[in-house]
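In what follows, a single structure is set out as structure tokens and then discussed.
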Amino acid sequence: MNLNYTLQEVKPNVFAVLLEDKYNLPMLFCRVQEFYESPNEDFRNKKFSIWEYMEWYSKSNKGSFTYPSDWAGFNIPYPVLRDCMEMNFPNKEFENPYDSVMYEIYETLKSRGTDNIYILGTQTNEGDTFNHEVCHGLFFTNPEYKEKALEFVDSIDESTMENFRQNLLGIGYTDSVVKDEVQAYLLYGHDRAFFIKNVNKRKVNSLHKKFSTIMKDFLTENVDNYVC
Numbered sequence: 002m003n004l005n006y007t008l009q010e011v012k013p014n015v016f017a018v019l020l021e022d023k024y025n026l027p028m029l030f031c032r033v034q035e036f037y038e039s040p041n042e043d044f045r046n047k048k049f050s051i052w053e054y055m056e057w058y059s060k061s062n063k064g065s066f067t068y069p070s071d072w073a074g075f076n077i078p079y080p081v082l083r084d085c086m087e088m089n090f091p092n093k094e095f096e097n098p099y100d101s102v103m104y105e106i107y108e109t110l111k112s113r114g115t116d117n118i119y120i121l122g123t124q125t126n127e128g129d130t131f132n133h134e135v136c137h138g139l140f141f142t143n144p145e146y147k148e149k150a151l152e153f154v155d156s157i158d159e160s161t162m163e164n165f166r167q168n169l170l171g172i173g174y175t176d177s178v179v180k181d182e183v184q185a186y187l188l189y190g191h192d193r194a195f196f197i198k199n200v201n202k203r204k205v206n207s208l209h210k211k212f213s214t215i216m217k218d219f220l221t222e223n224v225d226n227y228v229c
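Numbering-wise, this note's numbering puts 33 at position 32 of the sequence shown, and it's gapless, one number per residue.
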């Protein structure tokens, strides 16, 4: 299967899989993303059939498999990608063509010889969706970035943070990634309706402005390294 993707290092050890096709991109990432953070424990950190996942997702969405239209950006720590690929395909017997392409990406990144890698999936390398996913990458790969991000997130008042948490859980995120998602949305996507539900908009805008100023230097550092 030729998906015509590009693998680009966009920050040190942060790699973006760029694929313009808005259907094939989510399908490429579906298995590993749900292995990482599915709200359904039957799939999270488990070996599973993609067809069973599609059936479950469809039944949870009024009988329609809307995954490709529901999600536009993806982010995965390399150790999760490794575990997903090795658990599901120890003999490289793939269930569908998307699995073989993701395994190809895994093998390319494996040659880097480090677990401190983060993988993003977006249509292009610009815009809020891309930058939002980059924030996840920095949170994983850059200890200084993570320290400053957590310091800021932990300073948010309890009521506001709980609203953010409930809003994120309500669209399918899990508790394990709430703080990471809050920091990324406050930088890129702070005005999303689902994220700011029951939160004062002025407060959110103030948090966004203050946090963006703190993290500016991290966000402007770039690399230009096309891998394949």
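Each residue gets a CB set at the ideal place from its N, CA and C atoms; glycine is no exception.
The three-state secondary structure of glutamate 105, taken from DSSP, is helix. Taking C-beta separations shorter than 7 Å and ignoring five residues to either side along the sequence, the partners of isoleucine 106 in its chain run Leu8, Val18, following chain order.
Distance from the CA atom of lysine 23 to the CA atom of tyrosine 37, rounded to whole angstroms, is 21 Å. The Cβ atoms of valine 81 and leucine 29 do not sit closer than 8 Å to each other. Methionine 2 and aspartate 84 have their C-alpha atoms roughly 23 Å apart. Around the C-beta of asparagine 92, fewer than 16 other C-beta atoms lie within 10 Å, and the residue is accordingly described as exposed. When the Cα atoms are used, phenylalanine 75 and glutamine 34 turn out to be separated by approximately 7 Å.
By the 16-neighbour rule on beta-carbons within 10 angstroms, leucine 110 is buried. Between threonine 115 and proline 13, the C-beta spacing is not below 8 Å.
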